Amino acid sequence: MRDIYSKASRTIIWFGEATSTTPIVFGTIFHISNAASHEKEKLLSSFRTQLHVKSITEELDAVLRHEWWQRVWVIQEAVVSQNVCVQRGSLNVTWRELSNFMFFSNIICYQQGIAFASAVQTLRASLHEDSKVRLSMLDLVEKFRGQSATFGPDKIYSLMGLLQAGQPSLLEADYTITPEKVFMQFTVSCLRCYGNLRVLGLAAGAELRSASWCRNYSLNIAGVEESRPLHGLPGRPRPYCASGNSSLRYHFSLEYGVLSLLSLGMDEIVEVAGVYRPGATLDTVKWSNFVDEAAPERKIAFTCTVAADCLTKPGKQDSPSGKAAWIERYSQAVNNACVNRQLFVTRSGKLGIGPWNLKRGDNIAILVGGKTSFVLRKCRLGEKRRYISEFGIPGDAYKLVGEAHVNGMMYYEGNAEERIKSGEVRVLPVHLL
981 MRDIYSKASR TIIWFGEATS TTPIVFGTIF HISNAASHEK EKLLSSFRTQ LHVKSITEEL
1041 DAVLRHEWWQ RVWVIQEAVV SQNVCVQRGS LNVTWRELSN FMFFSNIICY QQGIAFASAV
1101 QTLRASLHED SKVRLSMLDL VEKFRGQSAT FGPDKIYSLM GLLQAGQPSL LEADYTITPE
1161 KVFMQFTVSC LRCYGNLRVL GLAAGAELRS ASWCRNYSLN IAGVEESRPL HGLPGRPRPY
1221 CASGNSSLRY HFSLEYGVLS LLSLGMDEIV EVAGVYRPGA TLDTVKWSNF VDEAAPERKI
1281 AFTCTVAADC LTKPGKQDSP SGKAAWIERY SQAVNNACVN RQLFVTRSGK LGIGPWNLKR
1341 GDNIAILVGG KTSFVLRKCR LGEKRRYISE FGIPGDAYKL VGEAHVNGMM YYEGNAEERI
1401 KSGEVRVLPV HLL
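In case it helps, this note's numbering puts the sequence shown at residues 981 to 1413.
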């Protein structure tokens, strides 16, 4: 399909028949997209006053909530085609015009479509020969994990044709095996190819019933209480490296659905706060109750933790406007990091943010090869006990709850790999079920 779309002189995305208000909506999209910068806001303000008219709102919904935005197989036609337009009846706008309108208007109720359009634009740019953007198979799967497909594995298979030269596809399309096995094989292929645990962070809230460490890619974004992956948060001064330079070591059994890893250490969660839901603020969730005003270090730790180390330096606040601008940016950093996450305190007194469903008694682990911390919940091996006897690997069993940001545990100091090899640091096997 990639060859077909790339050679097409024009690709038309059909959004159905036109209505009496299609000319108004498509005309607005065209004019705002092509207007000079100083005129865009005036045009958008004028259009917003028309949104109380039911027929216009319904037409905008028909375009920006069309089922096309949700499907995974449509990505190739939007990305690879040179000349793309969206058409209703005999009227059309170009993909550039539609995406520019979406980004500029930033209408809240269309955020899923805006995120999809942004990912498509990034991918279109990456396919240019002079592009410096390099997207891996994991990058693509992560970006489009919220799309829908009739057959779950197609959310992986459909993206293989979009890879740049030199990027491994990790899997071959195989429709003879179950979706669960495809998802586990993809996850383990990511471990092997990239040498870190980033892919495990995608499982939280959408995990397989039979393997908590693996995402069920059959699920789309609807009904999944997801947080933004920590590695992708903007504004970090440096990459997380919770396990330092340690080399990933793992053992995997497809038959048992068990992934065995090594832990550099654990800490127990002893206090949890409320969940930071979309639209919340630090005041509404009362997380500041965890801050002791008499302990400045605790306040600094809180400030860094809830922003996941993003934009924690005040910068220039010489004027009221400068201070207000920084507060706005910091609030956005907190929102990026905290939505659908909880604040917690560990037994050693560390503050952290983790998945919405973590509980007291869960463990915070630094796993060898991991860039972030992870929340683990101890469980019984049950029928998977045979895995231990068959492979002779000791250790306790856990369910993976998700990744976490823990103040003081995100940047390993020293040579972790050398310490592991010398025995200076003791590692413990953990079995993720």
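Heads up, the beta-carbon is just placed ideally off N, CA and C, and yes, glycines get one too.
Treat the numbers as computed from the prediction; the structure is a model and nothing was measured.
Residue from the options whose Cα sits closest to the Cα of residue i
i, options, result
"serine 1243", "Asn1072, Phe995, Glu1397, Leu1040", "Glu1397"
"asparagine 1337", "Val1064, Tyr1310, Ser1226, Gly1382", "Gly1382"
"serine 1061", "Lys1364, Gly1141, Asn1387", "Gly1141"
"alanine 1097", "Arg1051, Leu1262, Tyr1137", "Arg1051"
"methionine 1390", "Asp1289, Lys1022, Asp1119", "Asp1289"
"proline 1217", "Ser1025, Cys1284, Tyr1155", "Cys1284"
"arginine 1377", "Arg1229, Gln1312, Trp1193", "Looking at the sequence shown, residue 1377 is not arginine but alanine. Checked all of Arg1229, Gln1312, Trp1193; the closest Cα to alanine 1377 is Trp1193."
"phenylalanine 1163", "Phe1131, Ala1145, Leu1143", "Phe1131"
"glutamate 1206", "Leu1213, Glu1308, Ala1183, Ser1227", "Ala1183"
"threonine 1002", "Ile1036, His1211, Ser1128, His1011", "Ile1036"
"glycine 1349", "Ser1190, Leu1171, His1046", "Leu1171"
"arginine 1178", "Ala1275, Ala1305, Phe1354, Ser1233", "Phe1354"
"threonine 1352", "Gly1181, Leu1380, Lys1161", "Gly1181"
"phenylalanine 1324", "Ile1280, His1211, His1018, Ala1384", "Ala1384"
"alanine 1145", "Glu1152, Ser1111, His1011", "Ser1111"
"glutamate 1021", "Ile984, Ser1000, Tyr1174, Phe1081", "Phe1081"
"glycine 1375", "Val1407, Leu1023, Ser1402", "Val1407"
"tyrosine 1155", "Ile1136, Glu1122, Gly1388, Pro1276", "Ile1136"
"tyrosine 985", "Leu1143, Val1059, Ala1305", "Val1059"
"alanine 1095", "Gln1067, Leu1210, Arg1125", "Arg1125"
Close-in-space but distant-in-sequence residues of the same chain around residue i (CB under 6 Å, 5 per side omitted)
i, result
"arginine 1028", "none"
"leucine 1044", "Tyr1090, Gly1093"
"arginine 990", "Asn1063"
"tryptophan 1075", "Val1064"
Per DSSP, the bridge partner or partners of residue i
i, result
"serine 1353", "Ala1384"
"arginine 1195", "Glu1187"
"glutamine 1322", "Val1255, Gly1334"
Neighbourhood of residue i by C-beta, 8 Å cutoff - its chain only, sequence neighbours within 5 removed
i, result
"glutamine 1147", "Arg1114, Leu1115, Ser1116, Met1117"
"threonine 1326", "Asp1247, Glu1248, Ile1249, Val1250, Gly1332, Ile1344, Val1386"
"tryptophan 1048", "Ile993, Phe995, Val1054"
"aspartate 1134", "Val1052, Trp1053"
"serine 1328", "Asp1247"
"arginine 1340", "Ile1249, Val1250, Glu1251, Val1252"
"proline 1219", "His1211, Lys1351"
Residues near residue i in its chain [Cβ-Cβ closer than 7 Å; skip 5 each side]
i, result
"tyrosine 1415", "The first residue shown for the chain is 981 and the last is 1413, placing residue 1415 beyond what the model contains."
"isoleucine 1373", "His1231, Ser1240, Pro1409"
"alanine 1287", "Tyr1310, Ala1313, Val1314, Ala1317"
"alanine 988", "Ser1061"
"lysine 1330", "Asp1247, Val1386, Asn1387, Gly1388, Met1389"
"histidine 1046", "Phe995"
C-beta contact flag for residue i and residue j at 7 Å
i, j, result
"serine 1013", "glutamate 1077", "yes"
"alanine 1186", "asparagine 1176", "no"
"valine 1271", "glycine 1254", "no"
"glycine 1245", "isoleucine 1157", "no"
"serine 1190", "proline 1159", "no"
"valine 1238", "histidine 1032", "no"
"leucine 1291", "glycine 1212", "no"
"leucine 1024", "serine 1085", "yes"
"alanine 1153", "lysine 1123", "no"
"leucine 1120", "leucine 1107", "no"
Are at least three pairs of beta-carbons, each pair with one atom in the region 1345 to 1361 and one in the region 1257 to 1265, less than 8 Å apart? no
Could you say if the region 1186 to 1202 and the region 1334 to 1348 meet the contact criterion of at least three C-beta pairs nearer than 8 Å? no
Are the region 1221 to 1234 and the region 1313 to 1323 in contact at 8 Å, needing three or more beta carbon pairs? No, the region 1221 to 1234 does not touch the region 1313 to 1323.
Count Cβ pairs between the region 1066 to 1086 and the region 1000 to 1012 that sit closer than 8 Å; are there 3 or more? yes
Under 8 Å: do the region 1032 to 1040 and the region 1099 to 1109 share three or more Cβ pairs, one atom per stretch? No: fewer than three Cβ pairs fall under 8 Å.
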